[in-house]
Amino acid sequence: MERPAQPDSMPQDLSEALKEATKEVHIQAENAEFMRNFQKGQVTREGFKLVMASLYHIYTALEEEIERNKQNPVYAPLYFPEELHRKAALEQDMAFWYGPHWQKTIPYTRATQHYVRCLHEVGRTHPELLVAHAYTRYLGDLSGGQVLKKIAQKALGLPSSGEGLAFFTFPNIDNPTKFKQLYRARMNTLEMTPEVKHRVTEEAKTAFLLNIELFEELQELLTQDHKAQSPSQTEGPRQRPGSLVQDTTLAETSRGKPQISTSSSQTPLLRWVLTLSFLMATVAVGIYAM
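Quick note on numbering: UniProt numbering labels position 37 of the sequence shown as 37, and the sequence is numbered without any gaps.
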């Protein structure tokens, strides 16, 4: 039985293959209406906190698996912990946004949990696919993520010294453009069969779909909140049976992680979270055209 011709038709360099393979999902994210809202500076502090909390969980999982595979030849050339790893920076941001007991209070949505499970599965069973997740996240942080930093800093009135935005700061990278060139060059030295390269490019698409899944979860929360509020605005607050959200508090789940909660006054924040979730998925690929 002949092997499919698709893998052999890819560009020889892995970085170019990733760029080509993710064009369609890039367009899907780029055309989201929520991006336009964000570009108008429609940002709330609570919405930003929710997004940063999701990033904390995601990068914790990603970097646990990178550490597990740092000597594995399928990933080792891309091991840049001092330059790239974000967990420590996100811990600073969590303390800024959620206070000294942030580990007990930060939200952990179901879509974020799914993303985390996928990262752990990849790291433990198919470590060569970590390349796709690391490339998508870290190089996005170094380029499009810097746009997010400036918009959030202005819209939220954050200090110019950078408190609350440590995630976006890379003190050990003097020249992001040159570092991205180095990173791509290292990627292109990885020895992969055409079949493995194809799997890596497919995993890059999956990375974007996981971000979109997070967006869709938040969109569902927003839609349910709108429907629940529309019949009557005169009734007092009430618990909605089976709802994905609750009134004004963070409720602990059986796993010890808090669920996201909202009230009618927080509906704009969910709109903002949807915007930022899609924008982050988009800007992560925006670097490929650079």
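Think of the CB as a built atom: it goes at the ideal place given N, C-alpha and C, for glycine as much as any other residue. All of these numbers come straight from a predicted model, not from anything done at the bench.
Element boundaries [alpha helix (DSSP H), containing H126]: As a first step, residue 126 is located in the sequence shown; it is residue number 126 there, counting from the start. Counting along the chain, H126 falls outside any alpha helix (DSSP H), and DSSP gives it neither H nor E.
Here's the rule: buried if 16 or more other CB atoms are within 10 angstroms of the residue's CB, otherwise exposed. What is T193? Taking the first residue of the sequence shown as position 1, residue 193 is located at position 193. It is exposed - the Cβ of T193 has fewer than 16 other Cβ atoms within 10 Å.
Straight-line CA distance for T206 to I27? On the sequence shown, position 206 is the one that residue 206 refers to. On the sequence shown, position 27 is the one that residue 27 refers to. Distance between the alpha carbons of T206 and I27: 15 Å.
Pick from G145, C118 and L214 that is closest to A132, judged by C-alpha positions: Within the sequence shown, numbered from 1, the residue matching residue 132 stands at position 132. When each option's Cα is compared against that of A132, the closest is C118.
Mark H57 as exposed unless 16 or more other C-beta atoms lie within 10 angstroms of its C-beta, in which case mark it buried. Numbered from its first residue, the sequence shown carries residue 57 at position 57. Per the 10 Å Cβ criterion, buried.
Of all the alpha helix (DSSP H) runs that stay within the bounds of the stretch 139-204, which reach a length of 4 or more residues? Correct list: 144-155 and 176-187.
Below 8 Å, how does it come out for the stretch 91-105 and the stretch 182-200: are there three or more Cβ pairs, yes or no? no
Decide if the stretch 75-94 is in contact with the stretch 123-142; the criterion is three or more beta carbon pairs, one per stretch, under 8 Å apart. yes
Identify which residue in A76, T169 and A21 has its Cα closest to the Cα of P127. By one-based count along the sequence shown, residue 127 stands at place 127. It is A76.
Alpha carbon to alpha carbon, how far is Q266 from P107? Here residue 266 refers to the residue found at position 266 of the sequence shown. Here residue 107 refers to the residue found at position 107 of the sequence shown. The predicted model places Q266 with a pLDDT of 47, which falls under 50 and marks its position as unreliable; any figure quoted below should be read in that light. Roughly 15 Å separates the two Cα atoms.
Cβ neighbour criterion (16 or more within 10 Å) applied to N69: For the purposes of this step, residue 69 is taken as residue 69 along the sequence shown, with counting starting at 1. When all chains shown are included, N69 counts as buried.
Residues in its own chain within less than 6 Å of E64 by CB, not counting five upstream and five downstream? Counted from its first residue, the sequence shown places residue 64 at position 64. There are no such residues.
Does the distance from the CB of L90 to the CB of Y59 come in under 7 Å? To locate residue 90, count along the sequence shown from 1; it is residue 90. To locate residue 59, count along the sequence shown from 1; it is residue 59. Yes, the pair counts as a contact, with Cβ atoms nearer than the cut-off.
Exposed or buried, G41, counting other C-beta atoms within 10 Å across all chains shown (16 or more means buried)? Start at 1 with the first residue of the sequence shown, and residue 41 comes out as number 41. Exposed, since its Cβ has fewer than 16 Cβ neighbours within 10 Å.
Would K149 and L165 qualify as a contact pair, given that the criterion is a beta-carbon distance under 7 Å? Within the sequence shown, residue 149 is the residue found at index 149, counting from 1. Within the sequence shown, residue 165 is the residue found at index 165, counting from 1. Yes, the Cβ-Cβ distance between K149 and L165 is below 7 Å.
What number of angstroms, rounded off, separates the C-alpha of A61 from the C-alpha of H120? Here residue 61 is taken as the residue at index 61 of the sequence shown, counted from 1. Here residue 120 is taken as the residue at index 120 of the sequence shown, counted from 1. Going by the C-alpha atoms only, they are around 6 Å apart.
CA-to-CA distance, P171 to T44, given in whole angstroms: Locating residue 44 in the sequence shown gives position 44, where the first residue counts as 1. Locating residue 171 in the sequence shown gives position 171, where the first residue counts as 1. Going from the Cα of T44 to the Cα of P171 covers about 27 Å.
Cα-Cα separation, H198 to S160: By one-based count along the sequence shown, residue 198 stands at place 198. By one-based count along the sequence shown, residue 160 stands at place 160. Looking at the two C-alpha atoms, the distance is approximately 43 Å.
Looking at the unbroken alpha helix (DSSP H) that takes in Y108, where does it start and where does it end? The residue labelled residue 108 in the question sits at position 108 within the sequence shown. Careful: Y108 lies outside any alpha helix (DSSP H) and carries neither H nor E.
Under the three-state reduction of DSSP, which class applies to T206: helix, strand or coil? Here residue 206 corresponds to residue number 206 of the sequence shown, with the count starting at 1. Note: T206 maps to helix in three-state DSSP.
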